[in-house]
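Data block below; observations after.
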């Protein structure tokens, strides 16, 4: 890891360790936006890592952005860090203006873009939008009457937002765009390649969040099984518990290796298939990992009092965002079966020269 | 948790260049009919002829110094050769243990004379090694071995027996874990590794047939076997520590998740026209997991290249990897109706049969899943 990236990781860890407490997360889940935490992150330039300095960001590359998100996942930070940066990366890449206000996005909902005499009129419904109630703008994708793909950034003051939450109590609101009028320079055409790139990037933020959360889940589990005593000894001394912890450690290590691969390669190339494989691994690990973590924590981890659920409820939400394991595996499997004569070439990324008589 | 961090390893250009070479070689060998792709060939695929050919290509002893017949290539280049051989289902059992374990062991602990005598022949694929660890009364509790080596003049006199010794009936030598000092309070102490010539008087090799009737395992009985004193490896009494150092090599390689890869490849080929979502999802998941395991295994290879001995990470790879080898079987048999049989004409049915009948061994050999998870738990600090 580069020195700058490791400094970035230290900085964000320190801030979140100090400020992102169990109590802050509880308050956030009850609807109180952690404004102090956000302001601190903003002042340190952490809310715009990955956006160029010319466009008002803090600079840094996508690997830095991913590192930051992984750390946010570790601390279960209830702030739209990934969303704000994703929205602004999309705006920067498509040449739209970027504001310094909190922004969120909806890449999967289809918004109607209608050309008016002057400017555009946008209509539609964006579901499951992270932190729409706290953001000032939302980056939306959609298409025109002629099926041309478009992107725009819309002020949320002009939209109605209905409050909803994910399993962790983080805002996932419904945003209604009711004939929102925009000027020509606020709307751009966009190609399908770029749209897929944005969705993959969004999926990869969930990979990073889950990797961080799994690491935390493992640490909590190890600590608890060392401290909790039953039958006269710490429960971690029992083989049955050790076997469970080892499986959790295996899934966590696998997931961290995948996350590290993403961080190292995202600035050169991560294919759609690699993004899918990463998310399948993390989704599976989230399932097995959270189940084991709760099992070894006993009833304590199932209560409001213990912080374990702040990580596990997020794992259960993030695994479904931007493609569940089965949705991604179906697309991946289809692709693999299309190249069924050269599975090994697909795995090694070097096309094979298999004997044709096989 | 540092033990759980694996570096991200990208294969260098030389390694990918080498991949093309080995694929051409394997492609030719396969067309010429010198082997039929099979599952679990690193246990069951014995071919001295094939091992010698691999040796002639310079693909054995790859990382060892040239002065011992090695090729001074990187662990990552060796990784590529290993995974290509396994992906092709090539018969690699003869040289497998010597190339994987004995070579690195001798390089690290062997005497100059031992290195000069054995390494060049290993690298040519001309001598084969077995690993003598388990005994009738020492399985997972390996440190309780009771095979004794007693000093008599300038010789060791060895008595005892080893079991589950893969390939001992083909091998020339066996690296044998023996007790060179009486069993005291600490059973890990007083153990040594001895290089035993399997043709020496006093050695009886008896087959232990697998449930399929195949002969890979053996019992090696040693009765007053005389071994020259210079055939001890490393320090007398340090056998346990030296054996542990081998484990990272033994547990993290691609053979720990690729034993049933030929079945996966055939499954994908058979499903090429499938429009079943269920099949696509199942295949997609298997491929994603293979991709993940390969990254982990490469990470361990990277640590080994840096001179580290990542015992816990290696245990993790073996645990997840051998579960995966079983998962391929489970998915394959539920996706394609078949009547698995080792004599089947259908390649799928034959591979499935080989895989099913070898599968119980995957999570036993080289440390059972239960033992591995115990090691991982110790690494986590709970044990």
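Residue numbers (UniProt numbering), protein chains in the order written: chain A, 1 to 358; chain B, 1 to 383.
All residues carry an ideal CB built from backbone N, CA and C; glycine is no exception.
- The beta carbon of residue 56(B) is closer than 8 Å to those of 124, 125 in its chain, skipping five residues each way along the sequence.
- With 16 or more neighbouring CB atoms inside 10 Å of its own CB, residue 101(B) falls in the buried class.
- In this structure residue 24(A) is buried. Its beta-carbon is surrounded by 16 or more other beta-carbon atoms within 10 angstroms.
- Boundaries of the alpha helix (DSSP H) around residue 277(B): 277–305.
- At a beta-carbon threshold of 8 Å, none of the residues of chain B lie near residue 313(A); the nearest stands roughly 23 Å away.
- Residues of the segment 274–293 of chain B with a C-beta less than 8 Å from any C-beta of chain A: 274, 277, 279, 280, 281, 282, 283, 284, 285, 287, 288, 289, 290, 291, 292, 293, listed in chain order.
- In the three-state reduction of the DSSP assignment, residue 51(B) falls in the helix class, which pools H, G and I.
- Taking the C-beta atoms as reference points, residue 217(B) is found no nearer than 8 Å to residue 147(B).
- Taken in chain order, the complete alpha helix (DSSP H) segments of 4 or more residues contained in the segment 138–215 of chain B number zero; there are none.
- A straight-line Cα-Cα distance of about 7 Å links residue 135(A) and residue 156(A).
- Annotation: the segment 262–322 of chain A contains the following complete segments of the alpha helix (DSSP H) (minimum length 4 residues), in chain order: 272–297, 308–318.
- The beta-carbon of residue 376(B) is placed less than 8 Å from the nearest beta-carbon of chain A.
- The beta carbon of residue 114(B) is closer than 6 Å to those of 106 in its chain, skipping five residues each way along the sequence.
- Following the DSSP letters along the chain, one finds residue 104(A) inside the beta strand (DSSP E) bounded by residues 103–115.
- Interface with chain B (8 Å Cβ-Cβ cutoff): residue 138(A) is excluded.
- With the criterion set as a beta carbon lying under 9 Å from some beta carbon of chain B, the segment 189–208 of chain A has no members that meet it.
- Residue state for residue 8(B) is assigned as coil, using DSSP reduced to three classes.
- Distance between residue 123(A) and residue 152(A), taken at the CA atoms: about 12 Å.
- Scanning chain A for C-beta atoms nearer than 9 Å to the C-beta of residue 174(B) yields nothing, as the closest lies near 31 Å away.
- Per DSSP, residue 242(B) is not a residue of any beta strand (DSSP E); the alpha helix (DSSP H) it occupies stretches across 239–252.
- Contact between residue 105(A) and residue 139(A) is confirmed by a C-beta separation of about 4 Å, below the 8 Å threshold.
- About 29 Å separates the beta carbon of residue 324(B) from that of residue 170(B), a gap too long to meet the 8 Å contact definition.
- In the DSSP assignment, residue 150(A) falls within the unbroken beta strand (DSSP E) covering 149–155.
- If you check the CB distance, residue 283(B) and residue 271(B) come in under 8 Å.
- Using beta-carbon distances, residue 61(A) does not count as an interface residue toward chain B, since no partner is under 8 Å.
- Contacts between residue 250(A) and chain B, judged by CB atoms closer than 8 Å, involve 316, 319, 320, 376 in chain order.
- When only Cα atoms are considered, residue 232(B) and residue 160(B) end up about 17 Å apart.
- Residue 38(A) sits in a helix when the DSSP states are folded into three classes.
- Residue 102(A) places its beta carbon 8 Å or farther from that of residue 91(A).
- Only those residues of the segment 216–235 of chain A whose C-beta falls short of 8 Å from the nearest C-beta of chain B are listed: 218, 219, 222, 225, 226, 234.
- Collapsing the DSSP output to three states places residue 167(A) in coil.
- Beta-bridge analysis with DSSP links residue 177(A) to 124(A).
- Between residue 14(B) and residue 77(B), the beta carbon gap of about 6 Å places them in contact (Cβ cut-off 8 Å).
- Look at residue 132(B) here: in three-state DSSP terms it is strand.
- About 4 Å separates the beta carbons of residue 300(B) and residue 252(B), which is inside the 8 Å limit, making them a contact pair.
- Non-local C-beta neighbours of residue 372(B) in its own chain, meaning closer than 7 Å and more than five positions away in sequence, comprise 315, 318, 319, ordered along the chain.
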